[in-house]
């Protein structure tokens, strides 16, 4: 058996195992939470953790998916900013109708098809893409919204010459953009896996219990024992081993691996290797890894990580707060190891240490273009790559030159 056939066979077998275990909700069930009675739902956390909860509502984790609405969607529904024209003469118009929001395809001014915006995916910092539910399946709509260009754009990987409305979205995509999705049935159609979803059965965003584990018992205990300050019946993140903490983040920030179990079943403390087959990216080839999606591989190939016994994602990131673009705050965390008076500090001595310590990030973790995520806006002949900060912490000479030149102006 050649390697390609082996990999295909493993993928098919793992998919059958996974989707037979995905979240099903039978008619007549009335759990408070889609995931079952052991889950309390994020709203239950608010009573004791209101400050943290309120702050979390502004994070990318919370905003990574939601019910599509004009308040949530960044793109315009007003002419002429709501029109995208294709090379074959077809145009798609974003329309707000009495019955909802739609992407509507017209050919020679004749309506060809229309599909509802049901779910928005993406925090809205870089881009948003949209799903439409019909006949038990979710389909990605052909147009996404590209924030840097302030424009509707062809969804990544979609044909540039005509609108495609039939790209099916599997439950694996929801594994990192939601906290649960309800699946009515799973079947194999030839070699293709076919899923039927329950409409409106979704726990949006990455909620508290995706990272902290099921909390119903924790909530019940502390409701009846308000005097108890030690957290009971909940996973203490700080009490996990270093690799366990890393695996929690790597579940969604290590790219699309070949699954063994549903991502929704992962609990804090679990081993990522029990859920995905190994990634064989070698640290010495980390510079070849795309900046989108594989932050774990890039981070763990960095000298900062390799030389540290305790460094994890949480060493730099506070998942309860939106710290986007707070470069000085991140740089101060670099200072915990790279003190200005120490040998590990920046060697660019032409500027004062007080200036350099305000921004380590643009030199050592610059925003680089993604090869995998590109957006074609109307009128373009070639797509524009999305850019993301690389998590391979090292020296980027060209970016450093540009940064230093800007400081000296």
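In the UniProt record's numbering, the protein residues as written are 1 to 409.
Note that beta-carbon positions come from the ideal geometry of N, C-alpha and C, so glycine has one too.
Keep in mind that this is a model prediction, so the values were computed, not measured.
Contacting residues, own chain, Cβ-Cβ under 7 Å from residue i (five flanking each side not counted)
i	result
residue 55	320 and 321
residue 302	392, 393 and 394
residue 162	86, 88 and 90
residue 84	91, 92, 143, 152 and 378
residue 199	133
residue 400	363
residue 380	none
residue 294	254 and 255
Through-space distance from residue j to residue i, alpha-carbon basis
i	j	result
residue 376	residue 336	42 Å
residue 66	residue 348	45 Å
residue 49	residue 79	44 Å
residue 407	residue 350	11 Å
residue 116	residue 309	50 Å
residue 299	residue 405	27 Å
residue 21	residue 34	Here residue 21 scores only 46 on pLDDT, less than 50, and its place in the model should not be relied on; the value that follows carries that caveat. So the two alpha carbons sit approximately 14 Å from each other.
residue 207	residue 256	21 Å
residue 76	residue 368	28 Å
residue 318	residue 383	33 Å
residue 260	residue 324	33 Å
residue 290	residue 183	32 Å
residue 104	residue 296	39 Å
residue 45	residue 32	14 Å
residue 223	residue 176	31 Å
residue 276	residue 258	5 Å
residue 238	residue 274	22 Å
residue 385	residue 149	11 Å
residue 213	residue 236	10 Å
residue 93	residue 62	29 Å
residue 440	residue 160	Here the chain comprises residues numbered 1 to 409, so residue 440 is not present and cannot be evaluated.
residue 287	residue 135	43 Å
residue 262	residue 341	48 Å
residue 360	residue 390	13 Å
residue 36	residue 112	42 Å
residue 194	residue 168	10 Å
residue 52	residue 233	19 Å
residue 220	residue 210	18 Å
residue 110	residue 138	25 Å
residue 122	residue 64	4 Å
residue 28	residue 192	For residue 28, the pLDDT reaches just 40, beneath the cut-off of 50, and the residue's location in the model is therefore unreliable, although a value from the coordinates is still provided. If I take the Cα positions, the gap works out to 30 Å.
residue 158	residue 266	31 Å
residue 229	residue 202	32 Å
residue 189	residue 278	28 Å
residue 82	residue 165	18 Å
Proximal residues to residue i (C-beta, below 8 Å), its chain only, five neighbours per side dropped
i	result
residue 89	107 and 108
residue 244	268, 269, 270 and 271
residue 38	214, 216 and 217
residue 74	124, 128, 145 and 147
Beta-carbon proximity of residue i to residue j, cut-off 8 Å
i	j	result
residue 118	residue 99	no
residue 43	residue 216	no
residue 205	residue 171	no
residue 314	residue 333	no
residue 144	residue 68	no
residue 140	residue 155	yes
residue 370	residue 253	no
residue 346	residue 403	no
residue 197	residue 181	yes
Cβ of residue i within 8 Å of any chain C Cβ
i	result
residue 337	Reference to chain C is not applicable here, since this structure consists of a single protein chain.
Beta-carbon proximity list for residue i, same chain, < 6 Å, skipping 5 on both sides
i	result
residue 59	322
residue 344	338
residue 102	95, 114 and 116
residue 26	With a pLDDT of 43 at residue 26, under the threshold of 50, the predicted position of this residue should be treated as unreliable, though the coordinate-derived value follows. There are no such residues.
residue 246	312
residue 396	366
residue 304	393
residue 373	156, 292 and 386
residue 226	none
residue 173	none
Cβ-heavy atom distance, residue i to the ligand ZN, below 7 Å
i	result
residue 49	Among the ligands in the structure shown, none appear at all, so the ligand ZN cannot be discussed.
Determine contact between the stretch 122-135 and the stretch 347-355, defined as no fewer than three beta-carbon pairs at a distance below 8 Å.
A contact is defined here as three or more CB-CB pairs under 8 Å, and the stretch 122-135 fails this definition with respect to the stretch 347-355.
Continuous alpha helix (DSSP H) assignments of at least 4 residues falling wholly in the stretch 162-224:
171-177, 208-212 and 216-224
Which residue spans inside the stretch 85-115 form an unbroken beta strand (DSSP E) run of at least 3?
If we require 3 residues or more, the beta strand (DSSP E) runs fully inside the stretch 85-115 come out as 90-97 and 100-107.
Quick one: complete alpha helix (DSSP H) runs, 4+ long, within the stretch 303-373?
303-306, 327-334, 353-356 and 361-364
Please give the ranges of any alpha helix (DSSP H) in the stretch 222-281, keeping only runs that are unbroken, at least 4 residues long and fully inside the region.
242-253
Hey, which unbroken runs of the alpha helix (DSSP H) at 4 residues or more fall wholly within the stretch 42-75?
For the stretch 42-75, whole alpha helix (DSSP H) runs of length 4 or above, ordered along the chain, are 50-56 and 60-63.
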